[in-house]
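Peer 1: Sequences listed follow chains A, B, C and D, in order.
So the first sequence is numbered by the numbering used here: it starts at 1 and just counts up by one.
So the second sequence is numbered by the numbering used here: it starts at 301 and just counts up by one.
So the third sequence is numbered by the numbering used here: it starts at 601 and just counts up by one.
So the fourth sequence is numbered by the numbering used here: it starts at 859 and just counts up by one.
My structure is below; once you've seen it, I'll send some questions.
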Amino acid sequence: MTKLCSLKEAIAEYVHDGDLLYAAGFTHLIPFAAGHEIIRQGRRNLTLARATPDLIYDQMVAAGCAKKLIFSYIGNPGVGSLRIVRSELEAGRLEWEEYSHFGMISRLQAGAAGLPFIPMNQTAAPDLEANNPNIRRVKDPYTGREVVTVPPLHPDVAIIHVQRADQNGNSQIWGILGEQKEVAFAAKKVIITAEEIVDESVIRSDPNRTLIPDLIVSAVCCVPHCAHPSYTQGYYDRDNVFYLNWDKITESPEATQAWLQEWVYGVKDAEEYWQKLGEETHERLKVTPAFASSVNYGKY
Amino acid sequence: MTKLCSLKEAIAEYVHDGDLLYAAGFTHLIPFAAGHEIIRQGRRNLTLARATPDLIYDQMVAAGCAKKLIFSYIGNPGVGSLRIVRSELEAGRLEWEEYSHFGMISRLQAGAAGLPFIPMNQTAAPDLEANNPNIRRVKDPYTGREVVTVPPLHPDVAIIHVQRADQNGNSQIWGILGEQKEVAFAAKKVIITAEEIVDESVIRSDPNRTLIPDLIVSAVCCVPHCAHPSYTQGYYDRDNVFYLNWDKITESPEATQAWLQEWVYGVKDAEEYWQKLGEETHERLKVTPAFASSVNYGKY
Amino acid sequence: MEAITYTSSELMCINAARLLRDGDVVFVGVGLPNLACNLARRTHAPNLQMIYEAGVIGARPSRLPLSIGDPTLVSGAASVCGMYDIFSLYLQRGNVDVGFLGGAQIDRFGNINATVIGDYGKPKVRLPGSGGSQEIAAWANRCYIITPHQKRRFPEKVDFTTSAGFLHGRTEREASGVRGKGPLVVVTNLGLMEPDENGELILTALHPGCTVEQVRENTGWSVKTAASIRQTEPIQQNDLQLLREELDPQGIYLKGGG
Amino acid sequence: MEAITYTSSELMCINAARLLRDGDVVFVGVGLPNLACNLARRTHAPNLQMIYEAGVIGARPSRLPLSIGDPTLVSGAASVCGMYDIFSLYLQRGNVDVGFLGGAQIDRFGNINATVIGDYGKPKVRLPGSGGSQEIAAWANRCYIITPHQKRRFPEKVDFTTSAGFLHGRTEREASGVRGKGPLVVVTNLGLMEPDENGELILTALHPGCTVEQVRENTGWSVKTAASIRQTEPIQQNDLQLLREELDPQGIYLKGGG
């Protein structure tokens, strides 16, 4: 049963105002094109969850899509602070819920595993726990010592970018895996954006590489270059220049809105956005191929 | 730092009388050659842990290596019962500790994750919990409902067979993964047996395929066909004929001991054992190659 | 036309296959359940998703697997994951529609014993144990049991509850809060038993030529019968052909009276 | 011979590299820690194992990663796993020897604030937050901090404890039962500070040309000094060469006064 549809259709059908959204990807495979489509479709009051909000949520917050942020590190990775998110938080205009990376990922692991909570060992750092009622304690029934707990996170919808998927949604990822698997299984609905849609025989020739199975996928969209300015291992490089530029752009609200006008509202889809980046950028982000050694599964 | 050594050396150095041993592998990649070497070296009073003891532990119990068994399913997979283990248990000559598969694997997951326990949802089946004091309960701090818990399992030594490893112990596995990763991280010492020792460039060309990193590995042994009569995906098939024969052999203690004499004590190592199996068996277990589709990581 | 003949195993296998719906995610065991699933996938349920406790998802076995960890389950599968993931991300999370169960004893309320006959500490007969069944019985949305109809297999009460049916009654299972609906059908060589409103297994259907008396004689409790007992659909030649010629050509699982 | 000149960043980076032992498993951050680790691996610690919170083990970056999730960390790495695994199987399990930490504030007992300046609910300055540091500070066997020596960075008490140092004293950390030994060295542009028996950071070494007065002026509490203050080894030309020509040719992290 094919689940192929356009990203526009997938967002229209599965992302609603007020939803808890998790656009997955730790630095790698961040589905920027999906964030831009959500901005174009004018979604509001979203709760945006990501370990690292990154530029994708800075842009969605700037566009007024967000009511609340759930995160564990708000920065422009390797550059500095996320100016929009930071100023909205400091101004008290954006609600937030905060964890350490491990606390955030443990919430996803609990959600994916169908557990009511996950224990974590103590860290002796008291302040986050004191400020977040979701972080609790339970006594280990074997040693009697207390462990810290977090509850499951079940996003209404997860958006996950992958290198390749078949039309049913069996998806393969390589390179940094971040929290992709946990988010997919924790979420109520999963939208897959893929660099390539391949025949199922490609996927089934290497089942150990399949991180996300079709049975939890709602929609599959073919979106080449979906991750720019983030990257897709083996397909194109991270656009560090853009990450540095964003820091300048967001120094002024006007420049930020102008950027959104030109690069999000001003283009119709990911393809037009990519073409607009131009030859020189395409060249700069090109990757020299380096292939994995062969693996023999055998015919049985 | 190479950790290459012979299987004989690895067993002599890392497996001691009284140890809690976990020879990993769910049907796939069961390190029979290591079990045979342990028998040849006459280890005693071992606590043998495996979700599925399989023939490897039936043989080790028959050889008098074991004091206790920790398991979740004792059968000859697809054939019937494990006659030796079963009769020893019925005769009260072998201690045991029992879980469901999920309980057993959860103990390994807790051990691997460095947690004092792992919660599981209730199953409403009361009897195993009533008979195993390691299975306890704790109240979920969010809903107030009870969840079932198991403590971590930390084997003194884990033996893990893999398709390929580099000399430092970075190991890659494909096909059924069973509990390999969890056992490796849960154990205090890890012995890797590999079908092939490859240059690290082979491993590093596909880091997502590496299930076990060198930093938790104590010894690396090159042992082709280590898994027979179990199998190694892509290298040789499962010897179902032997699994059926074992059911006959173990009908009599004499035949069982005779088999041990001929096939374990009577051979010096895995290579001699494999040669003794003969051409016809080698032919029967041959596998037609079927390769995974290529994956591009890119040069960065 | 001459009468179609078949073994009890073939009869149970085909009737089990009929319980599967297209698109079902099935936690498959070896033996008859594996055959039933493959038969369903080749006939009325082409989108059936077969997953195995070994950590295989969307398997398409090209040969009959002797063991539940056969390499043929992996070659051509959609995905492979570790055992912790298959039991947590799939089963515990609620992604499994159907589980197949079996055991040495199934009692009046569908509770299953696969652990011991006699006392647990000093077993008369030591059975294999739970494996995956304790969790499958609790968390799969629907469970089916395939077993020959014999008195010793259907005692009033199991010696050991390896997997929960309806415990002492439906309300008790419901109170436990487990997500699955429990054993919905027991397929035997005589007919089908299903839980009534109290969770007690009652005779609801007979296979062609089988009688209520046969069922009574071979059940360890005074089995109730449904107000109207259905007759199962006659066995079709094409199903037998698929089983015999493609799925179990050597008759490893189908020859036996099961 | 002419005097060797270097930036404070180069000075801190080289001194941080000296803290690493061959074979150490290091949880690496971007920036100076990444440079320090790569410098150590190219010099006295060829078997240094660099692992990254993104889930990369045994990375061998061939270029300077701007972000902690750069693709160059993956290409040629020994292994890649998910974030839940890197924090549980590696860090929580006790497989990490060294963690590098940084923050806007480090206090007298080595506690770190990377979360907020002012009140948490109404922050004057909202900082990035913990990321991986809360767990690294607790569970890595040894922790090192690299930071320029400035009064505002070294307050008597942090506004918010993002990561535990020695809390209000060594006994309090030990009582908490966390496995790691806590921050063992703070590397600044003036020298090194190390915890005394009470877990209070005291001046134990000065870089060539730096004085106790400079340290006093730039520390937010009346900093104690060790009985005998060591002088750090002079910077070697070959280390500078490696840093400038191979590890950070554009001087992205090294040009700055840090």
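Built from N, CA and C at the ideal position, the CB exists for glycine as well.
Small disclaimer: the values here were computed from a predicted structure and weren't measured.
1. Report the residue from Met1(A), Thr27(A), Glu283(A), Arg40(A) whose alpha carbon sits nearest the alpha carbon of Gln180(A).
2. Helix, strand or coil for Asp1074(D)? Go by DSSP, reduced to three states.
3. Between the alpha carbons of Gly18(A) and Pro152(A), how many angstroms are there, rounded?
4. Which partner residues does Lys189(A) have in the DSSP bridge list?
5. Could you pull the start and end residues of the alpha helix (DSSP H) that Cys522(B) belongs to?
6. Which whole runs of the beta strand (DSSP E) in the stretch 413-486 of chain B are 3 residues long or more, in chain order?
7. Let me know the secondary structure DSSP gives Phe542(B) once reduced to three states.
8. If you drop the 5 nearest sequence neighbours on each side, which residues of the same chain put their C-beta closer than 7 Å to that of Ile852(C)?
9. To the nearest whole angstrom, what separates the beta carbons of Thr1069(D) and Met870(D), a pair I think is in contact under 8 Å?
10. For Arg773(C), which residues in the same chain have their Cβ closer than 8 Å to its Cβ, ignoring the five residues on either side in sequence?
11. For Glu398(B), write down the residues that DSSP places opposite it in a beta bridge.
12. Between Gln467(B) and Thr930(D), what straight-line distance do the alpha-carbon atoms span, to the nearest angstrom?
13. Which partner residues of Tyr235(A) appear in the DSSP bridge assignment?
14. Would you verify that the beta carbon of Arg1102(D) is, or is not, closer than 7 Å to some beta carbon of chain A?
15. Quick one: list the residues of chain B neighbouring Leu1098(D), beta-carbon separation under 7 Å, in chain order.
16. Am I right that Leu803(C) and Ala826(C) are in contact with their C-beta atoms under 8 Å? What's the rounded C-beta distance?
17. Anything in chain A within Cβ reach of Leu585(B), meaning under 7 Å, just list it in chain order.
18. What does Cys871(D) touch in chain A if you count any residue whose Cβ is under 9 Å from its own?
19. Return the residues of the stretch 416-435 of chain B that lie within a Cβ-Cβ distance of less than 8 Å from chain C, sorted by chain order.
20. For Thr762(C), return the contacting residues in chain B, with the cut-off set at a CB-CB distance below 8 Å.
21. Relative to chain B, which residues along the stretch 934-956 of chain D have a C-beta separation below 7 Å, given in chain order?
22. Looking at the unbroken alpha helix (DSSP H) that takes in Gln359(B), where does it start and where does it end?
23. Closer than 7 Å, CB to CB, is Leu877(D) near chain B or not?
24. If you follow the alpha helix (DSSP H) that Thr510(B) is in, where does it begin and where does it stop?
25. Are there 16 or more other CB atoms within 10 angstroms of the CB of Val595(B), so buried, or fewer, so exposed?
26. Between the Cα of Ala590(B) and the Cα atoms of Arg284(A), Lys286(A), Val287(A), Lys299(A), which residue gives the shortest distance?
27. Going along chain C in order, which residues have a C-beta closer than 7 Å to the C-beta of Thr210(A)?
28. Around the C-beta of Pro1092(D), are 16 or more other C-beta atoms found within 10 angstroms, so that it is buried, or is it exposed?
29. Hey, Ser100(A) and Gln992(D): beta-carbon distance below 7 Å or not?
30. Using a Cβ-Cβ distance cut-off of 7 Å, determine whether Phe26(A) contacts chain B.
31. So what does DSSP say about Gln1094(D), is it helix, strand or coil?
32. What is the DSSP secondary structure of Ser867(D), reduced to helix, strand or coil?
33. Going by C-alpha distance, which of Phe760(C), Leu790(C), Cys681(C), Gly731(C) is nearest Asn208(A)?
34. When DSSP labels each residue in this structure, what does Tyr14(A) get in the three-state scheme?
35. Would you kindly report the start and end of the unbroken alpha helix (DSSP H) that includes Glu572(B)?
36. Does any residue of chain B have a CB that is nearer than 7 Å to the CB of Thr1029(D)?
Peer 2: Considering the structure as presented:
1. Indexing the first sequence from 1 puts residue 180(A) at position 180. Out of Met1(A), Thr27(A), Glu283(A), Arg40(A), the CA that lies nearest to the CA of Gln180(A) is found in Thr27(A).
2. Residue numbering aside, residue 1074(D) sits at position 216 when the fourth sequence is read from its first letter. The sequence given here has Arg at residue 1074(D), not Asp. Arg1074(D) falls in the helix class under three-state DSSP.
3. By 1-based counting over the first sequence, the position of residue 18(A) is 18. By 1-based counting over the first sequence, the position of residue 152(A) is 152. Distance between the alpha carbons of Gly18(A) and Pro152(A): 19 Å.
4. In the first sequence, counting from the first residue as 1, residue 189(A) sits at position 189. Note: Lys189(A) sits in a beta bridge opposite Val157(A).
5. Your numbering for residue 522(B) matches position 222 in the second sequence. Residue range 519-522 is occupied by the beta strand (DSSP E) that includes Cys522(B), with no alpha helix (DSSP H) assigned at that position.
6. The stretch 413-486 of chain B contains these whole beta strand (DSSP E) runs: 418-420, 436-439, 446-450, 457-465.
7. Against the second sequence, residue 542(B) aligns to sequence position 242. Residue state, collapsed to three classes: helix.
8. Sequence index remark: in the third sequence, residue 852(C) carries index 252 (1-based). Here the set comprises Leu664.
9. Counting from 1 along the fourth sequence, the entry for residue 1069(D) is found at position 211. Counting from 1 along the fourth sequence, the entry for residue 870(D) is found at position 12. Not really, about 17 Å apart at Cβ, beyond 8 Å.
10. Along the third sequence, one-based indexing puts residue 773(C) at 173. Around Arg773(C): Ala764, Gly765, Phe766, Leu767, Gly782, Gly799.
11. As a working mapping, residue 398(B) is identified with position 98 in the second sequence. Answer by DSSP bridge pairing, in chain order: Phe371(B).
12. Against the second sequence, residue 467(B) aligns to sequence position 167. Against the fourth sequence, residue 930(D) aligns to sequence position 72. About 24 Å.
13. Mapped onto the first sequence, residue 235(A) falls at position 235. None, per the DSSP bridge assignment.
14. On the fourth sequence, position 244 is the one that residue 1102(D) refers to. It does not: the Cβ of Arg1102(D) has no partner Cβ on chain A nearer than 7 Å.
15. Within the fourth sequence, the letter at position 240 stands for residue 1098(D). Correct list: empty, because the minimum Cβ distance to chain B is about 26 Å.
16. Residue mapping note: residue 803(C) aligns to position 203 of the third sequence, counting from 1. Residue mapping note: residue 826(C) aligns to position 226 of the third sequence, counting from 1. Between the beta-carbon of Leu803(C) and that of Ala826(C) there is about 7 Å, and that keeps the pair under the 8 Å contact cut.
17. Position 285 of the second sequence, counting from 1, holds the residue named residue 585(B). Correct list: empty, because the minimum Cβ distance to chain A is about 11 Å.
18. Locating residue 871(D) in the fourth sequence gives position 13, counting from the first residue. Chain A residues near Cys871(D): none, gap ~16 Å exceeds 9 Å.
19. Here the close residues are Met420, Asn421, Gln422, Thr423, Ala424, Ala425, Pro426, Asp427, Leu428, Asn431.
20. By 1-based counting over the third sequence, the position of residue 762(C) is 162. Near Thr762(C) (Cβ distances below 8 Å), the residues of chain B are Ala425, Asp427, Leu428.
21. Within the stretch 934-956 of chain D, those residues whose Cβ lies closer than 7 Å to any Cβ of chain B are, in chain order, Gly934, Ala935, Ala936, Ser937, Val938, Ser946, Leu947, Gln950, Arg951, Gly952, Asn953.
22. Your numbering for residue 359(B) matches position 59 in the second sequence. If you look at Gln359(B), you'll find it in the alpha helix (DSSP H) that goes 354-362.
23. Start at 1 with the first residue of the fourth sequence, and residue 877(D) comes out as number 19. By this cut-off, Leu877(D) is not an interface position.
24. On the second sequence, residue 510(B) is found 210 positions in, with the first residue counted as 1. Here Thr510(B) belongs to no alpha helix (DSSP H); instead the beta strand (DSSP E) covers 510-512.
25. Along the second sequence, one-based indexing puts residue 595(B) at 295. Val595(B) should be labelled buried.
26. Start at 1 with the first residue of the second sequence, and residue 590(B) comes out as number 290. Nearest C-alpha to Ala590(B): Lys299(A).
27. In the first sequence, residue 210(A) corresponds to position 210, counting from 1. Chain-order list of chain C residues neighbouring Thr210(A): Ala678, Ser679, by C-beta distance under 7 Å.
28. In the fourth sequence, counting from the first residue as 1, residue 1092(D) sits at position 234. Under this definition Pro1092(D) is an exposed residue.
29. Taking the first residue of the first sequence as 1, we reach residue 100(A) at position 100. Taking the first residue of the fourth sequence as 1, we reach residue 992(D) at position 134. Yes, the pair counts as a contact, with Cβ atoms nearer than the cut-off.
30. As a first step, residue 26(A) must be located in the first sequence, where it is residue number 26. It does not: the Cβ of Phe26(A) has no partner Cβ on chain B nearer than 7 Å.
31. Here residue 1094(D) refers to the residue found at position 236 when the fourth sequence is read from its first residue. Here DSSP, grouped into helix, strand and coil, assigns Gln1094(D) to coil.
32. To locate residue 867(D), count along the fourth sequence from 1; it is residue 9. Secondary structure of Ser867(D) (DSSP, three-state): helix.
33. Counting from one through the first sequence, the residue named residue 208(A) turns up at place 208. Taking each of Phe760(C), Leu790(C), Cys681(C), Gly731(C) in turn and checking the Cα distance to Asn208(A), the smallest one comes out for Cys681(C).
34. Stepping through the first sequence from its first residue, residue 14(A) is reached at position 14. Note: Tyr14(A) maps to helix in three-state DSSP.
35. For the purposes of this step, residue 572(B) is taken as residue 272 along the second sequence, with counting starting at 1. Its alpha helix (DSSP H) spans residues 570-577.
36. Counted from its first residue, the fourth sequence places residue 1029(D) at position 171. Answer no: the Cβ-Cβ gap between Thr1029(D) and chain B never drops below 7 Å.
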